[in-house]
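Engineer:
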Amino acid sequence: MKPNFSLLSRLIVLQCLSVLCCSQDFDFFYFVQQWPGAYCDTKHSCCYPKNGKPAADFSIHGLWPNYKDGSWPSNCDPDSVFDKSQIEEVIGNMEKDWPSLSCPSSNNLRFWSHEWEKHGTCSESELDQREYFETALKLKQKANLLNILHDAGIKADDGFYSLKRIKEAIKKGLGFTPGIECNVDSRHNSQLYQVYVCVDSSGSDFIECPILPKSKCDSQIQFPKF
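Residues -23 to -1, 1 to 203 (mature numbering (1 follows the signal peptide of the UniProt record, and there is no 0)) are what the sequence shown spells out, left to right.
(1) For the candidate residues F110, L78, E92 and P187, whose alpha-carbon lies nearest to that of F203?
(2) Look up E103 in the DSSP assignment and say whether it is helix, strand or coil.
(3) So what's E158 in DSSP terms, helix, strand or just coil?
(4) Determine the DSSP secondary structure at Q199, reduced to helix, strand or coil.
(5) According to DSSP, is G150 helix, strand or coil?
(6) Out of curiosity, what's the CA-to-CA distance linking D46 and S178?
(7) Return the first residue and the last residue of the alpha helix (DSSP H) that P13 is part of.
(8) When DSSP labels each residue in this structure, what does Y109 get in the three-state scheme?
(9) Considering only DSSP beta bridges, list what S36 is partnered with.
(10) So, helix, strand or coil for L126, using DSSP?
(11) Take C186 as the anchor and find which of K148, P13, S57 and D162 has the nearest alpha-carbon.
(12) Considering only DSSP beta bridges, list what Q168 is partnered with.
(13) The alpha helix (DSSP H) that contains F137, what's its start and end?
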């Protein structure tokens, strides 16, 4: 009896594809920064960390592994829990650049633990826990959004600016097109909330985003004071 090479070939291809998919954990990162003024003036309000009110600057929300089809992995390793000792050397920078604004007021550890366990564990093929947080801090230094916008005449003064102008300013400053997320304040104004920039899977370099999150912004958005 002749072997069924067609079936055998299909099985081999499927096996290879399975191995390939398993070896490719994610395609790129979203590096997400949020504007505290937009976080705090919604109906949910905010609470400052126990170490005090953060600076009037964009802060890190997260470094999130993503796939090119728009989906993303999460909670990839239940056994890899957040360990504060891994970030002791950069705790001061973490408190400055990655503060929690959620209520009740906290020492930030709950926020950082959530980010590691939901997102960071999905990057362990590239970054261990210490490297994950240090990488995000380095990206924050490279993407100084407040300076970029200020240089373009866009200031956190409660003024309204065109969404197009904000995107163009950030693209000019970083070299790549950002994703902009808006939220709504208590007066129902659309306002600048979060900025998404894409990073290669090693966490080293900014790249053009394979896919951007859907924007729910008005054409003119407010840049609220903080």
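Every residue gets a Cβ at the ideal spot worked out from N, C-alpha and C, and that includes glycine.
Note that the structure is predicted; figures quoted are calculated from it, not measured.
Structural biologist: The answer reads as follows:
(1) Here the question's residue 203 lines up with position 226 in the sequence shown. The residue with the shortest Cα to Cα distance from F203 is L78.
(2) For this step, residue 103 is matched to residue 126 along the sequence shown. Coil at E103, not helix or strand.
(3) On the sequence shown, residue 158 is found 181 positions in, with the first residue counted as 1. In the three-state reduction of the DSSP assignment, E158 falls in the strand class.
(4) Counted from its first residue, the sequence shown places residue 199 at position 222. DSSP places Q199 in the strand class (E or B) of the three-state scheme.
(5) Along the sequence shown, read from residue 1 onward, the residue named residue 150 stands at position 173. Of the three classes helix, strand and coil, the one that applies to G150 here is helix, per DSSP.
(6) On the sequence shown, residue 46 is found 69 positions in, with the first residue counted as 1. On the sequence shown, residue 178 is found 201 positions in, with the first residue counted as 1. When the Cα atoms are used, D46 and S178 turn out to be separated by approximately 15 Å.
(7) Taking the first residue of the sequence shown as 1, we reach residue 13 at position 36. Here the alpha helix (DSSP H) through P13 covers P13 to C17.
(8) Residue 109 sits at position 132 when you count from the first residue of the sequence shown. Correct three-state label for Y109: helix.
(9) Numbered from 1 along the sequence shown, position 59 holds the residue referred to as residue 36. DSSP lists Q11 as partners of S36.
(10) Counting from one through the sequence shown, the residue named residue 126 turns up at place 149. For L126, the three-state secondary structure derived from DSSP is helix.
(11) Sequence index remark: in the sequence shown, residue 186 carries index 209 (1-based). Among K148, P13, S57 and D162, the Cα nearest to that of C186 belongs to K148.
(12) Locating residue 168 in the sequence shown gives position 191, where the first residue counts as 1. DSSP lists N160 and Q199 as partners of Q168.
(13) For the purposes of this step, residue 137 is taken as the residue at position 160 of the sequence shown. It is not in any alpha helix (DSSP H) - F137 instead sits in the beta strand (DSSP E) that spans F137 to S139.
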